[in-house]
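A.B. asks: Supplied in structure tokens, the structure appears directly below.
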Amino acid sequence: MILFYYLQNEIAMEEVQPSHSRQSKTEYMDLKEVTAFESKRKEEVTLGTPQVERSSLGTDYAPLHPSTRSWEIPRNSVTIEKVIGKGAFGQVAKGTAIDLRGRTGNTQVAVKMLKASAPESDRSDLLSELEVMKTLKPHPHVIRLLGCVTETEPLLVLIEYVPYGDLLGYLRKSRGLNDTYFKDPDIKPQTSLTSEQLMKFAWQIADGMSYLSSRSIIHRDLAARNVLVGERETCKVTDFGMARNVQQENIYERKTRGRLPVKWTAYEALMFNTYTTKSDVWSYGVVLYEIFTVGGSPYPRMDGKKIAGLLQQGYRMLKPQHVDDKLYQIMMNCWQNEPKARPPFTDLTKQLKDMENQHKKLINMHIYDNQQYAKVEDLNV
Ligand SMILES: Nc1ncnc2c1ncn2[C@@H]1O[C@H](COP(=O)(O)OP(=O)(O)O)[C@@H](O)[C@H]1O
Ligand SMILES: [Mg+2]
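So in the numbering used here the end of the sequence shown lands on 1531, straight run, no missing numbers.
Written out as structure tokens, the structure reads:
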């Protein structure tokens, strides 16, 4: 049975106590903190360890096709203009590049690179991000790789530039709040988003994730901050820094300690370190919450360290008042305890696409409580 904890008071309290902490710092927790609880649980739970064929990027990739070499471009063909975004790990600048493959002349690009003080592990994450992106074909709902500079320092990964920045900031800006991640949108968002637009964002992300899962890629960091908004407000999944390509069992077992986006991470990934496409489906459910609350924070005011324990007792986020039962049911399906019981991304895409075109408004923006989800954090850095 699923127990529900009543959270309304907690949400209300958050409004009067804006936090000044930077989001990217609070969303990723050190694994030691998260799993102090977990190691205790492991003694109690007699779940057999799944048969895991661990894949590491170094060994599981087929030799690169010779054409892959052509991703490499000379450093002097890239002009970096200014930093436009910072995540927990790297930074992203706007720039241009000349004569990228298949494109003559100047192309506007986003350049992903390390922060000055980045540890070696961040460098290997950026390199594995690049390797994952090289395996992808262009897809409308996944960000595209355009080139890279790896033979000279600094390491640069060039991806398609999007004018509206990340989805979380886009949603929050539509309510007049500031963005933590994206500094310089070329195009300001509309001041209020319709129920249809929110539904469109939802199915497009599911569609991008369907493609990634069809390529045996587990994202592991799906969140609205890692979805970009491109031309015609099209959502594109990005930030493959934690992604893994799994060929065999479709399970990735986390071996090393590291930073974890706790509030987006599936129960079994927090508890047993196992990641599958179904753990991405869990995160997708949290992204739906972010979208439908127009940039609200999941589990507001809840301490990340307590999340694993609460999920284990059956706690799930409550239905926001303005969200239809049908949509909430989809979110809850994504958060089923049993990973196999969660819907595949193909079904989610179809279901949400059908709903976009329904007459009935499934998100009632008239009763949306702007106060409840306002001031989710102090977003000024
Ligand atoms: N292609 C892009 N076009 C425009 N802005 C981007 C692009 N890629 C990233 N950004 C901005 O930079 C932020 C950090 O990028 P991300 O890839 O998530 O890096 P990190 O691994 O550091 O989290 C994003 O949240 C977004 O605001
Ligand atoms: Mg990111």
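The beta carbon of each residue, even a glycine, is placed where N, CA and C say it ideally should be.
So does the segment 1389-1398 actually touch the segment 1440-1455, counting three or more Cβ pairs closer than 8 Å?
C.D. replies: No, they do not touch.
A.B. asks: Any idea what DSSP makes of residue 1268, helix, strand or coil?
C.D. replies: Reduced to three states, the DSSP call for residue 1268 is coil.
A.B. asks: To the nearest whole angstrom, what separates the beta carbons of residue 1289 and residue 1240, a pair I think is in contact under 8 Å?
C.D. replies: Their Cβ separation, rounded to whole angstroms, is 22 Å, which puts residue 1289 and residue 1240 out of contact at 8 Å.
A.B. asks: Along the beta strand (DSSP E) that carries residue 1236, what are the first and last residues, could you check?
C.D. replies: Residue 1236 -> beta strand (DSSP E) spans 1228-1236.
A.B. asks: Once DSSP output is grouped into helix, strand and coil, what is the label at residue 1515?
C.D. replies: The answer is coil: DSSP assigns residue 1515 none of H, G, I, E or B.
A.B. asks: Does DSSP put residue 1506 in a helix, in a strand, or in coil?
C.D. replies: The answer is helix: DSSP assigns residue 1506 an H, G or I state.
A.B. asks: Using the C-alpha atoms, what's the distance from residue 1287 back to residue 1222?
C.D. replies: In a straight line, the C-alpha of residue 1222 is about 17 Å away from that of residue 1287.
A.B. asks: Compute the distance between the beta-carbons of residue 1401 and residue 1472, then report whether it is under 9 Å.
C.D. replies: For residue 1401 and residue 1472, no; Cβs fall outside 9 Å.
A.B. asks: Less than 7 Å between C-beta atoms, sequence neighbours within five positions excluded: which residues of the same chain meet that for residue 1356?
C.D. replies: The residues are 1434, 1495, 1498, 1499 and 1502.
A.B. asks: Can you pull every residue whose C-beta falls closer than 5 Å to some heavy atom of ligand 2, listed in chain order?
C.D. replies: Those residues are 1237, 1376 and 1389, given in chain order.
A.B. asks: Figure out for me which residue from 1476, 1278 and 1522 has the closest Cα to the Cα of residue 1504.
C.D. replies: Selected option, being the one with the closest Cα: 1476.
A.B. asks: Measuring from the CB of residue 1408, is there a heavy atom of ligand 1 at a distance below 8 Å?
C.D. replies: Result no, Cβ not under 8 Å from ligand 1.
A.B. asks: Ignore the nearest five residues each way along the sequence and tell me which others in residue 1513's own chain have a CB closer than 8 Å to its CB.
C.D. replies: 1345, 1348, 1349, 1442, 1472, 1473, 1474 and 1477.
A.B. asks: Just to confirm my understanding: we take residue 1179, look at its own chain, exclude 5 residues before and 5 after, and list those with CB closer than 7 Å. What are they?
C.D. replies: 1409, 1410, 1412 and 1454.
A.B. asks: Which one of 1242, 1432, 1249 and 1232 has the shortest CA to CA distance from residue 1220?
C.D. replies: Nearest C-alpha to residue 1220: 1249.
A.B. asks: Decide if residue 1427 is buried, meaning its Cβ has at least 16 other Cβ atoms within 10 Å, or exposed.
C.D. replies: Buried, since its Cβ has 16 or more Cβ neighbours within 10 Å.
A.B. asks: Quick one: give me the first and last residue of the beta strand (DSSP E) that residue 1381 is part of.
C.D. replies: Taken as a continuous stretch (DSSP letters only), residue 1381 belongs to no beta strand (DSSP E), as it is neither H nor E.
A.B. asks: Buried or exposed for residue 1533, please, with buried defined as at least 16 other CB atoms from any protein chain shown within 10 angstroms of its CB.
C.D. replies: Since the first residue of the chain shown is 1151 and the last is 1531, residue 1533 is not available in this structure.
A.B. asks: Tell me residue 1259's beta-bridge partners as DSSP assigns them.
C.D. replies: DSSP lists 1245 and 1310 as partners of residue 1259.
A.B. asks: Which of the three DSSP states is assigned to residue 1191 in this structure?
C.D. replies: Here residue 1191 scores only 47 on pLDDT, less than 50, and its place in the model is too uncertain to base an answer on.
A.B. asks: Run the CB neighbour count on residue 1510, radius 10 Å, all protein chains shown included, and call it buried at 16 or more, exposed below.
C.D. replies: Classification of residue 1510: exposed, given that the 10 Å Cβ count is below 16.
A.B. asks: Is the closest heavy atom of ligand 1 to the C-beta of residue 1239 under 8 Å?
C.D. replies: Within the cutoff, so yes.
A.B. asks: Could you pull the DSSP bridge partners for residue 1292 from this structure?
C.D. replies: Paired residues: 1289 and 1387.
A.B. asks: At least one CB of chain D closer than 9 Å to the CB of residue 1518: is that the case?
C.D. replies: Chain labels in this structure do not include chain D; a single protein chain is all it has.
A.B. asks: Do you know how far the Cα of residue 1377 is from the Cα of residue 1491?
C.D. replies: Distance between the alpha carbons of residue 1491 and residue 1377 is about 25 Å.
A.B. asks: Which word fits residue 1269, buried or exposed, when buried means at least 16 other C-beta atoms lie within 10 angstroms of its C-beta?
C.D. replies: Exposed, by the Cβ-count rule.
A.B. asks: Given that a residue counts as buried once 16 or more other Cβ atoms are within 10 Å of its Cβ, and exposed if not, what is residue 1520?
C.D. replies: That one is exposed.
A.B. asks: Whether or not the segment 1303-1313 and the segment 1254-1268 are in contact is what I'm after, with contact meaning three or more pairs of Cβ atoms, one per stretch, closer than 8 Å; do they touch?
C.D. replies: Yes, the segment 1254-1268 touches the segment 1303-1313.
A.B. asks: Judging by CA-CA distance, which residue of 1247, 1322, 1368 and 1459 is the nearest neighbour of residue 1342?
C.D. replies: Out of 1247, 1322, 1368 and 1459, 1322 has the C-alpha closest to the C-alpha of residue 1342.
A.B. asks: Looking at the structure shown, is residue 1444 part of a helix, part of a strand, or coil, going by DSSP?
C.D. replies: DSSP places residue 1444 in coil when its eight states are reduced to three.
A.B. asks: How should residue 1523 be labelled, buried or exposed, when 16 other C-beta atoms within 10 angstroms of its C-beta is the threshold for buried?
C.D. replies: Flag for residue 1523 reads buried.
A.B. asks: According to DSSP, which residues form a beta bridge with residue 1376?
C.D. replies: Partner(s): none; residue 1376 has no beta bridge.
A.B. asks: Taking residue 1424 and residue 1365 to be in contact with their CB atoms under 8 Å, please state how far apart those CB atoms are, rounded to whole angstroms.
C.D. replies: Going by Cβ atoms, the distance from residue 1424 to residue 1365 rounds to 20 Å, so no, they are not a contact pair.
A.B. asks: Distance check for residue 1430 and residue 1482, CA to CA, integer angstroms please.
C.D. replies: Their backbone Cα atoms lie some 14 Å apart in a straight line.
A.B. asks: For residue 1224, is the classification buried or exposed, using 16 other Cβ atoms within 10 angstroms of its Cβ as the cut-off for buried?
C.D. replies: Answer is exposed; the Cβ neighbour count stays below 16.
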